[in-house]
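Going by the working numbering, the first residue of the sequence shown is number 37, and it counts up by one from there.
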Amino acid sequence: MTPVQFEPEALDELDAVYCYYESLSPGLGDRLKLKVREKLSVMSEHPEAYPVWEGRVRRTTLHAFPYSIYYRCSDDDVRVIAVLYASADPEHVARRIVG
């Protein structure tokens with residue numbers, strides 16, 4: 037299994053999404069976290085399971101929630117670099133992910 041690490045900004049994004057869903061309905065944020073854990077488990081066991089989004093960045097979507105997880109694989113780890121709204125403006129996503 038490959039360790040999965042979060043960039044600080046990606047962790048902040050995930051925390052914000054969690055708080056948003058918890059404010060809508062208690063327990064909904066926990067359901068989000070469960071879906072995220074499922075995706076992280078797949079990433080850890082099969083880092084290249086999800087399609088390449090651009091360059092070396094891969095993306096998976098949380099199908100029960102309108103968010104995508106963007107990450108990079110290396111020999112040492114899987115690094116989550118962003119958790120963004122799936123319908124976000126592509127230019128915003130590119131600036132956020134690619135720099």
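Each residue gets a CB set at the ideal place from its N, CA and C atoms; glycine is no exception.
Just so you know, these numbers come straight off a predicted model, no measurement behind them.
In the DSSP assignment, R131 falls within the alpha helix (DSSP H) that extends over 126–134. Annotation for S59: the continuous alpha helix (DSSP H) segment containing it runs 44–60.
In terms of CA proximity to E81, T38 leads the group T38, G63, P126. Residue pairing of S104 in beta bridges, as defined by DSSP: T97, L120.
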